[in-house]
Amino acid sequence: MTSIATSPATENRAARAITDGMEPRNVIILVSLGVGLAQDNPLTGLLWALEAILFAAAIPMAYIKFGMRTGMWADRHIGQVQRRRLLIPVIMASVATGIGGMLVFDAPRAMLALVLAMLATLAILLVPTALWKWKISVHTAVAGGALAMLALTWGPLVWITYPIVAVIGWSRISLRDHTLAQTLAGAAAGTVTAGTVFALLTAGH
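Positions in the sequence shown are counted from 1; adding 3 to them yields the working numbering.
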């Protein structure tokens, strides 16, 4: 099912603010900093967080903005599912490049796990997007995965903030960018995939 975007005159302003404020780029920045600052050497962790942000958020956003300027897509949330099929592999390539740098320069295990979890989540999201042309929610996937990794890093109390994912999902539905099923599927995919990969790779460390 293809969602129908609302016009600027009729859209819910609160929903727009949430969608824009909690877009994947911003959530990736927050989770990278959160995991980085939890390292034994917070300064080193922060530097590795900046590397993760560069390849998982900054470069993909630069490519998205380039696509907007050249007319490949209409907005930074990439509402057309056909365009997402082209975009996700590009983001995966950028994230994989960042992983390569982490391996070469011996990044802390948790930082490497963070970015590998992001790559795994993208791979999972690509399946329904490419095979079924189904616009699973990247917003809720990234938010759910980020909270799972922060909970594994800082402790289970982080889970009490999980309703944020529901609020993000509401914003996507309110703007008619996604259906309820697409937001729920995104949240489940991101939480389970990122949480599982991160937990397995950081076990014992």
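We put the beta carbon where it would ideally sit given N, CA and C, even for glycine.
Since we're looking at a predicted model, the values are computed, not measured.
For residue i and residue j, what's the separation of their Cα atoms in angstroms?
| i | j | result |
| --- | --- | --- |
| Asn29 | Ile21 | 11 angstroms |
| Ser177 | Ala18 | 6 angstroms |
| Leu153 | Leu134 | 31 angstroms |
| Gly74 | Asp180 | 19 angstroms |
| Leu123 | Asn15 | As written in the sequence, residue 123 is Ala, which differs from the Leu given in the question. When rounded, the distance between both Cα atoms is 33 angstroms. |
| Ala120 | Ile102 | 11 angstroms |
| Trp173 | Gly189 | 13 angstroms |
| Leu115 | Gly70 | 29 angstroms |
| Glu26 | His142 | 6 angstroms |
| Trp76 | Ile62 | 17 angstroms |
| Gly39 | Phe108 | 16 angstroms |
| Val130 | Gln185 | 13 angstroms |
| Arg209 | Asp43 | Outside the shown range of the chain (4 to 208) lies residue 209, about which nothing can therefore be said. |
| Val168 | Arg79 | 20 angstroms |
| Ile268 | Tyr66 | Lying before the first or after the last residue shown, residue 268 is absent from the chain, which here runs from 4 to 208. |
Can you tell which of the options has its C-alpha closest to the C-alpha of residue i?
| i | options | result |
| --- | --- | --- |
| Gly24 | Thr199, Gln185, Gln85 and Ala146 | Ala146 |
| Ala113 | Phe201, Ile171, Val141 and Arg16 | Phe201 |
| Pro111 | Leu204, Asn15, Pro159 and Glu14 | Leu204 |
| Leu1 | Ala144, Val34 and Thr132 | With the chain represented from 4 up to 208, any question about residue 1 goes unanswered, as that position is not in the structure. |
| Leu57 | Leu187, Ile127 and Met105 | Met105 |
| Tyr165 | Ala191, His80, Leu125 and Pro92 | Ala191 |
| Pro92 | Ile31, Ala126 and Ala184 | Ala126 |
| Ile171 | Val161, Leu187, Ile163 and Trp162 | Leu187 |
| Arg175 | Tyr66, Val34, Asp43 and Ala144 | Ala144 |
| Val34 | Val161, Ala169 and Leu183 | Val161 |
Do residue j and residue i have their beta-carbon atoms positioned less than 8 angstroms apart in this structure?
| i | j | result |
| --- | --- | --- |
| Leu267 | Ala52 | Only positions 4 to 208 of the chain appear in the structure, and residue 267 is not among them; the question remains open. |
| Gly241 | Gly193 | What the structure shows of the chain is the stretch from 4 to 208, and residue 241 is not part of that stretch, so it cannot be assessed. |
| Gly207 | Ala151 | no |
| Ala41 | Thr196 | no |
| Leu117 | Ala55 | yes |
Worksheet entry | the stretch 43-52 / the stretch 88-104 touching (three or more Cβ pairs under 8 angstroms) | no
Check your understanding: Touching or not, the stretch 128-144 and the stretch 74-91, by the rule of three or more beta carbon pairs under 8 angstroms?
Key -> yes
Exercise. In chain order, which alpha helix (DSSP H) runs of at least 4 residues are fully inside the stretch 53-81?
Worked result: 62-73
Could I get the ranges of all uninterrupted alpha helix (DSSP H) runs contained in the stretch 79-155, with 4 residues as the minimum, in chain order? 84-107 and 112-134
- [ ] Return the chain-ordered ranges of every alpha helix (DSSP H) run that is complete within the stretch 161-199 and spans a minimum of 4 residues.
- [x] 166-177
query: Whole alpha helix (DSSP H) runs in the stretch 12-42 with 4 or more residues, listed along the chain?
result: 16-24 and 27-39
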